[in-house]
Amino acid sequence: MNTTLITGASSGIGEVFARKLAARGRNVLLVARSEDKLITLCNELGRSNSIRAQYVALDLSEPDAAERLFAEAEKRSLTIDLLINNAGFGSMGDFSQLDLARELNMIDLNIKSLVELTYKFLAPMRERKQGAIINVASTAAFQPVPFMATYAATKAFVLSFSEALWEENRPFGIKVMALCPGVTETNFFEAARGKKPPARVSQTPEEVVDTALKGLARGKSHIISGWTNFFLTQSERLAPRSLVTRVAGRMMRSQHGD
Ligand SMILES: NC(=O)c1ccc[n+]([C@@H]2O[C@H](COP(=O)([O-])OP(=O)(O)OC[C@H]3O[C@@H](n4cnc5c(N)ncnc54)[C@H](OP(=O)(O)O)[C@@H]3O)[C@@H](O)[C@H]2O)c1
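The working numbering puts the first residue of the sequence shown at 473, with every later residue one more than the last.
Dropping the structure here:
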């Protein structure tokens, strides 16, 4: 059964991906830690669309999580033809004062789990010569972000990794795309235990997901959601990196009152 696998589907951007894709008639396999939210969402999606909505409650930062998820999809005889690696979180503050275990856990989720899931689900896509992967990065991928140092670095990895795989997999008919949202109205900043940074534009997750699905249909290697975000990331490319980092640092420092 052809199915879209969405990680981090219990809220925010992932939940909206699930709603929009189910409305387009796609079966979904939803993953997050909050089982209660996944059960409610699956029941709702299955009732209101003629699709199969299933879930796996899993902490994807655990070492064997990707292996377990792949095995579970096989056990259920699901053909994952669209993988959306969306689960992720951030942290805010002076790196030297942050909890190291949490920073490392972020790398496990934002990078390690994403790489493992991509590797595992890409193999059968390559055999079928069909499939697509969306990896959720961020506009933070385009420059260092002081006071969100680890987070921005994880997203720089996701952007670079996805663009490289886009090129490697083009001859096999498989699309790989990095989605780069800017500030989006979700639980992200609550989960990051920080204040929303000043942003000229804040988008809804619906806007972000619409942009992503259009970008994927066009076979893009990456897509930046929102015109303001697009122009900001492009303008930064012309300036010296040290200047861009200092400006970002000034904006973020004001958030922390340092
Ligand atoms: N919001 C923004 O401004 C923004 C901007 C750029 C990029 N992004 C990226 O967008 C993606 C989605 O975030 P969001 O904004 O929608 O925030 P969100 O509402 O906090 O959603 C995060 C999702 O990830 C899941 N998750 C967190 N830790 C997990 C773990 N260890 N194992 C499995 N699932 C886990 C959460 O579910 P559970 O808690 O139930 O596990 C939730 O479903 C993230 O990769 C984020 O970095 C967000």
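Backbone N, C-alpha and C define an ideal beta-carbon position, used for all residues, glycine too. Since the model is a prediction, treat every value here as computed from it, not as a measurement.
Quiz item: If you compare alpha carbons, which of Asn521, Ala525, Arg498 is closest to Ile511?
Solution: Counting from 1 along the sequence shown, the entry for residue 511 is found at position 39. Selected option, being the one with the closest Cα: Ala525.
Exercise. Evaluate contact between the segment 585-596 and the segment 676-693, counting only Cβ atoms and requiring at least three cross-stretch pairs below 8 Å.
Key: With the cut-off at 8 Å, the segment 585-596 and the segment 676-693 do not touch.
Quiz item: When every heavy atom of ligand 1 is checked, does at least one fall within less than 7 Å of the C-beta of Thr656?
Solution: What you label residue 656 is simply residue 184 of the sequence shown in a count that begins at 1. Flag set: Cβ of Thr656 near ligand 1.
Quiz item: Hey, would you say the C-beta of Val503 is under 7 Å away from at least one heavy atom of ligand 1?
Solution: Looking up residue 503 in the sequence shown gives position 31. Indeed, a heavy atom of ligand 1 lies less than 7 Å from the Cβ.
Exercise. In the DSSP assignment, find the alpha helix (DSSP H) that holds Lys592 and state where it starts and stops.
Key: Locating residue 592 in the sequence shown gives position 120, where the first residue counts as 1. For Lys592, the enclosing alpha helix (DSSP H) stretches over residues 586-600.
Practice problem: Quickly, what does DSSP pair Leu555 with across the bridge? List them, please. | Solution: As a position in the sequence shown, residue 555 is number 83, starting the count at 1. Paired residue(s): Leu477, Ile605.
Quiz item: Which residues in the same chain as Leu637 place their Cβ atom closer than 6 Å to its Cβ, once the five residues preceding and following it in sequence are excluded?
Solution: Counting from one through the sequence shown, the residue named residue 637 turns up at place 165. Sequence-distant partners of Leu637 (beyond 5 residues in either direction) whose C-beta falls short of 6 Å from its own C-beta, in its chain, are Val648.
Quiz prompt | Cβ-based burial, Ser482 [other Cβ within 10 Å; buried from 16] | solution = The count along the sequence shown starts at 1 and reaches residue 482 at position 10. The residue is buried, with at least 16 neighbouring Cβ atoms inside 10 Å.
Quiz prompt | Per-residue DSSP class, three states only, for Met564 | solution = For the purposes of this step, residue 564 is taken as residue 92 along the sequence shown, with counting starting at 1. Correct three-state label for Met564: coil.
Quiz item: What beta strand (DSSP E) runs, 3 residues minimum, are completely inside the segment 490-551?
Solution: 499-504, 525-529
Quiz item: What residue from Leu550, Met473, Asn557, Lys492 has the CA that sits closest to Val503's CA?
Solution: Taking the sequence shown and counting its residues from 1, one reaches residue 503 at position 31. Answer by Cα proximity: Asn557.
Quiz item: Taking 7 Å as the cut-off, does the CB of Val716 come closer than this to any heavy atom belonging to ligand 1?
Solution: Within the sequence shown, numbered from 1, the residue matching residue 716 stands at position 244. No - ligand 1 has no heavy atom lying nearer than 7 Å to the Cβ of Val716.
Practice problem: Could you name the residues that DSSP lists as bridge partners for Lys667? | Solution: The count along the sequence shown starts at 1 and reaches residue 667 at position 195. DSSP, once it has assigned bridges, lists no residue as partnering Lys667.
Quiz item: Taking the alpha-carbon positions, what's the Ala538 to Pro618 distance?
Solution: Counted from its first residue, the sequence shown places residue 538 at position 66. Counted from its first residue, the sequence shown places residue 618 at position 146. Going from the Cα of Ala538 to the Cα of Pro618 covers about 30 Å.
Exercise. State the start and end residues of the unbroken beta strand (DSSP E) segment that holds Ala650.
Key: Taking the sequence shown and counting its residues from 1, one reaches residue 650 at position 178. 646-652 is the extent of the beta strand (DSSP E) around Ala650.
Exercise. Check whether the Cβ of Asp536 sits closer than 7 Å to any heavy atom of ligand 1, and report yes or no.
Key: As a first step, residue 536 must be located in the sequence shown, where it is residue number 64. The closest heavy atom of ligand 1 lies 7 Å or more from the beta carbon of Asp536.
Quiz prompt | Integer Cβ distance of Lys668 from Val655, believed to fall under 8 Å | solution = One-based indexing of the sequence shown puts residue 668 at position 196. One-based indexing of the sequence shown puts residue 655 at position 183. 6 Å between Cβ atoms; contact.
Quiz item: In whole angstroms, what is the alpha-carbon distance linking Ser549 and Arg713?
Solution: In the sequence shown, the residue the question calls residue 549 occupies position 77. In the sequence shown, the residue the question calls residue 713 occupies position 241. Their Cα atoms are separated by approximately 48 Å.
Quiz prompt | Run of the alpha helix (DSSP H) containing Ile696, from where it starts to where it stops | solution = The count along the sequence shown starts at 1 and reaches residue 696 at position 224. Segment 694-696 is the beta strand (DSSP E) holding Ile696; no alpha helix (DSSP H) there.
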